[in-house]
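Respectively, the protein sequence lines represent chains X, R, A and Y.
The first sequence lines up with residues 16 to 323 when you count with the working numbering.
The second sequence lines up with residues 16 to 323 when you count with the working numbering.
The third sequence lines up with residues 16 to 323 when you count with the working numbering.
The fourth sequence lines up with residues 16 to 323 when you count with the working numbering.
For each residue, glycine too, the CB sits at the ideal point set by N, CA and C.
4 protein chains.
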Amino acid sequence: MRRFAYLGPEGTFTEAALRMLPEASGADAELLPCRSVSVALDAVRRGDAEAALAPLENSVGGGVASTIDELSTGPLLHITREVLLEVGFAFALRPGVARDAVKRVAAHPQAEAQCRRWIAEALPDVEVVAAASNAEAAASVVAPGSSLDAAVTSALAASRYGLEIVEDNIHDHAGAVTRFVLVALPGEVGPPTGADKTSMVAFIGDDHPGALLEVLTEFAVRGINLTWIESRPTGGGLGRYCFSIDCEGHLADARVGEALSALKRICADVRFLGSYPRADRVEPTMRRGTSDADFEAAAAWLSALRRG
Amino acid sequence: MRRFAYLGPEGTFTEAALRMLPEASGADAELLPCRSVSVALDAVRRGDAEAALAPLENSVGGGVASTIDELSTGPLLHITREVLLEVGFAFALRPGVARDAVKRVAAHPQAEAQCRRWIAEALPDVEVVAAASNAEAAASVVAPGSSLDAAVTSALAASRYGLEIVEDNIHDHAGAVTRFVLVALPGEVGPPTGADKTSMVAFIGDDHPGALLEVLTEFAVRGINLTWIESRPTGGGLGRYCFSIDCEGHLADARVGEALSALKRICADVRFLGSYPRADRVEPTMRRGTSDADFEAAAAWLSALRRG
Amino acid sequence: MRRFAYLGPEGTFTEAALRMLPEASGADAELLPCRSVSVALDAVRRGDAEAALAPLENSVGGGVASTIDELSTGPLLHITREVLLEVGFAFALRPGVARDAVKRVAAHPQAEAQCRRWIAEALPDVEVVAAASNAEAAASVVAPGSSLDAAVTSALAASRYGLEIVEDNIHDHAGAVTRFVLVALPGEVGPPTGADKTSMVAFIGDDHPGALLEVLTEFAVRGINLTWIESRPTGGGLGRYCFSIDCEGHLADARVGEALSALKRICADVRFLGSYPRADRVEPTMRRGTSDADFEAAAAWLSALRRG
Amino acid sequence: MRRFAYLGPEGTFTEAALRMLPEASGADAELLPCRSVSVALDAVRRGDAEAALAPLENSVGGGVASTIDELSTGPLLHITREVLLEVGFAFALRPGVARDAVKRVAAHPQAEAQCRRWIAEALPDVEVVAAASNAEAAASVVAPGSSLDAAVTSALAASRYGLEIVEDNIHDHAGAVTRFVLVALPGEVGPPTGADKTSMVAFIGDDHPGALLEVLTEFAVRGINLTWIESRPTGGGLGRYCFSIDCEGHLADARVGEALSALKRICADVRFLGSYPRADRVEPTMRRGTSDADFEAAAAWLSALRRG
């Protein structure tokens, strides 16, 4: 039996994303819903699951702070895979409640963020109560003694918990996508596929102005494009940040290795979080002089010079 | 009567921060608690309040997405002031509940984030239920028929709602600070004070790699330090971001004006969000050649050249 | 009568270049050969000539130090025009001398540089004597009592002074071009033509490492290409340099004006040397956000912000 | 017998500089004056001399084009040493000539450049005739049948050739210094001394605008200061340049090696010209993260990551 932890409860987008992975949808796979990202990741750290899936960012709601912070500062795990899932939201009632009578609505903050305009127009006077997940939002509405009348949640969760969907696709931006990452214990990094991504966290040392510019320059001089950058506080006070960075390329690529080493030298610390295939299979555009062959030729030339 | 909206309900850190402002603590000030940042800001947009206070970032929890998104893409408002408040958290029970019997705990996600370690150790098996604010967390525990036993919330909110504080200062990082901003309808920007900050949002145009590097370079060449940068999705898809940026200096400063103009030229759009006194009163370190006098002398020289 | 000074004597490439200018080849033009660049430029400074033509760089020999230094640190003159002339060299004997008997050959150092390979092969054992110009090289061979047997010089000069050309086009690189500049007293700068060049000298202040990088960055951030850069010592000691720079664009262009102003601010000094039509008529490639219209729109936006 | 070639004839500053080297001033050293830099360097290439000394730049006159071009594009030689010599000039007459009767004056172009102001004031109407060296200038004045009356040359050369020095120290800038380089056949590079310099030539590939900025950035990101940069045409046409660059540090230094490799990758070609002790013994200021220890630690970290 292979066990995969995920941000639960059942019915979350994370579960739907996890089921997209062949290894997690077979008969020998057991899916383990967890009540928080921390709990899911701890299942991997303790060996209770071989991997865990967690949301990292959404194209509307932005970065998922709990996942980012766990990966940045919690006990080390590596990303081995990314999964993209188009997400959408529905408005669903507790059976028996009339739409006009709705006063309190449960919604996960990301769901609320992605349906902000719709809520402002359709539910101007109702109170929105934060839920821990879309599934939890649905579940809380039908819980015994609940004071909640409805939920803004996924159609999946609404169905699973027996709510009545009165309007689907209420999100403000069509085509919103959530990026999930599969994380496992650190180990050998998978081989390059030609369309890879590398994730890391750069901890800025003395918070000197211009530190971020220096970090970005280390990528730019080696022709490496960044696909994501997110600043997070280190907890050391306002003005002290670390940067979660995804770049094109693989740990095994010479240019990526040299850039990582450079960050290691100029930053207070760098945490490597994994190299893995890009879900969108986009191959990097290579700038002149940055291929592995270019690096090898230059290294050979330098060695010859040093031998004299 | 002067009316100030804020992220309520009563007892939030936002209220405490608002009361630090002289204009909001006098007898002629009326404070208007709102159930969300959007509602508080709309009160200003509609003219129901002359200004609103909202949390923008916390030194542990990071940026407050709802405030950032409202300021970035909602109807335009300007920041006129910033307020820093040290925040801390307490663990408080519903009267009559024994500590050992606690099963469900209410907490605002920022509170949970800032007490993550303490919760993991002290409350390993309890369920944490998300609340919309610290005050709401406390209120929900004492609400009739509540299934919640306790809250991780501010001591202020715990007291106001009649909870029993069993442990105070349970946050993982001492000295956590939240930065709040006072926003008002766009108007004349206040004069420079010598220790100012300027806020803006840069919308990257064609999402070309290196766009962020170009943006940062426009500040660096003019000797302007950034104090904050936060990427947020534009909603147009993964990989499409805008950047919320705070820099040293004031709109009236020549170097800041030229940098803003440069961003306006090279970005798809720039939204100016205000110049206002720094709460920490730190004055900028000026690099050679970037003072107003330097800019004036250079402009006069250029004019003379152009006249011939 | 319009008088034009040039680096003489008669028969130099400079004269040939000057005769390419319509205003200098008409019946009302008087050409004034001068024995050095300094003397030619002084003729303009004193009002004895309305303009002077001097060589600035050659595509093989490089920058012409005397012209660069005169323009950089001598009394101010402005470049109003550039002229390109393809230059070539011939080997010519004093009448009556047999080729095998040649022992001493006159050559201007630039001519020697451009025929270095040919001289090494064809005249391995002869002595090369430096002459002040190609014309002077030819003249010196036929001067009474001369100990010189031949000259490496222009075909024009060889003919004019009565030498026998035994081999033409002996230069190592085909298509060598010299760029000459027409200089006049500072005055109103001519209007932009759409394919212009701007010349300047940047004096680095405190010789801090990275100063040149900063200078280049000021052009790069404004999308301005450099067409020429030459370092020259300031005379203040090894390691102290100024930079002669030609960039695309015109003083009247917004991006060029802002870059010049920036240099004025960050350098110890900047000397503007003129904006004038490019001889090759190449139009600049404009980067997004750097046109005059872009600058105007950004300035209008900034003004509106500042008015409030 | 150890043979050292130099730019002659006897009495040049180059000879004086060569005599400052212990190995060239002993009894077993033979000094070989050559009539040009090319000839001196060829003596080394052919094995006729173990090394040659040639002037590379002067703090007033600038780069010495013939030396730079020979080192950049001639058969490969390495610099093993640099020598600094303070240079000054005197005005000296042919015995028997009265100062008022002087009409023609011999001077090496560098000498003329460094005495330009003095010549303009003291000898406004005389003709200055270019000589190939300071020694040659003096020699030519006393040559039988010479039409030259005087020389601007070194006091050493004036004395050696029997001229009468009428005024010494006539150079415009006090303390002018010439930097000479000792070159030898390529071989093992000497060990680092802690205060070294590395010379190279970078050939820009496709002459894209911004290429120089990219080259400088490769040094800047690794905290390496440049001490000299000189652009020289490649002979391929106006606008096509290579750059002679001296930087702080030694080939054996990790940061210098990585920067050289980077140039090798992004340039059309790079020619390494040697690492050797700085004559001024100035030690580099090291930026954080650029020491050999920093590079080693980062490389070890990267290796561990790649092993998994």
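On the CB-based measure, 16 or more other CB atoms within 10 Å of its CB, does residue i come out buried or exposed?
| i | result |
| --- | --- |
| R:E182 | exposed |
| A:R194 | buried |
| X:R109 | buried |
| Y:P70 | buried |
| X:T208 | exposed |
| A:M211 | The amino acid at residue 211 of chain A is misidentified as Met; the sequence shows Asp. Buried: at least 16 other Cβ atoms inside 10 Å. |
| A:G202 | exposed |
| A:P37 | exposed |
| A:M16 | exposed |
| R:R247 | buried |
| A:S297 | Rather than Ser, the amino acid found at residue 297 of chain A in this sequence is Val. Counting Cβ neighbours within 10 Å, A:V297 comes out exposed, since fewer than 16 surround it. |
| R:K118 | exposed |
| R:R322 | exposed |
| A:A116 | exposed |
Could you check whether the Cβ of residue i sits closer than 7 Å to any Cβ belonging to chain X?
| i | result |
| --- | --- |
| R:E229 | no |
| Y:L241 | no |
| Y:T232 | yes |
| R:E245 | yes |
Please report whether the beta-carbon of residue i lies at a distance below 7 Å from any beta-carbon of chain R.
| i | result |
| --- | --- |
| X:G160 | yes |
| A:G289 | no |
| X:G77 | yes |
| A:L71 | no |
| A:L317 | yes |
| A:G272 | yes |
| X:S87 | no |
Beta strand (DSSP E) containing residue i: first to last residue?
| i | result |
| --- | --- |
| A:N73 | 66-73 |
| A:E45 | 44-49 |
| Y:D261 | 256-263 |
| A:A189 | Run containing A:A189: none; DSSP gives neither H nor E here. |
| R:S246 | 241-248 |
| A:K212 | 211-218 |
| R:V98 | 93-101 |
| X:V181 | 179-183 |
| X:V167 | 165-168 |
| R:R237 | Note, R:R237: premise wrong, no beta strand (DSSP E); not H, not E. |
Return helix, strand or coil for residue i, following the three-state DSSP convention.
| i | result |
| --- | --- |
| R:P292 | strand |
| A:T232 | helix |
| R:V198 | strand |
| R:R61 | coil |
Does the beta carbon of residue i sit closer than 7 Å to a beta carbon anywhere in chain Y?
| i | result |
| --- | --- |
| X:V204 | yes |
| A:P110 | no |
| X:L200 | no |
Over what stretch of residues does the alpha helix (DSSP H) that includes residue i continue unbroken?
| i | result |
| --- | --- |
| R:T88 | 80-88 |
| A:R322 | 307-322 |
| R:R131 | 131-137 |
| R:E38 | 37-40 |
Taking only beta-carbon positions, decide if residue i is within less than 7 Å of chain A.
| i | result |
| --- | --- |
| Y:S40 | no |
| Y:P37 | no |
| Y:H186 | no |
| R:A313 | yes |
| Y:A235 | yes |
Could you name the residues of the segment 276-287 of chain Y whose beta carbon sits closer than 9 Å to any beta carbon of chain A, in the order they occur along the chain? none
Any residues in the segment 250-269 of chain Y with a beta carbon nearer than 7 Å to a beta carbon of chain A? Which ones, in chain order? G250, G252, L253, G254
Please list, in chain order, the residues of the segment 167-195 of chain X that have any C-beta partner in chain R closer than 8 Å. D187, H188, G190, A191, V192, R194
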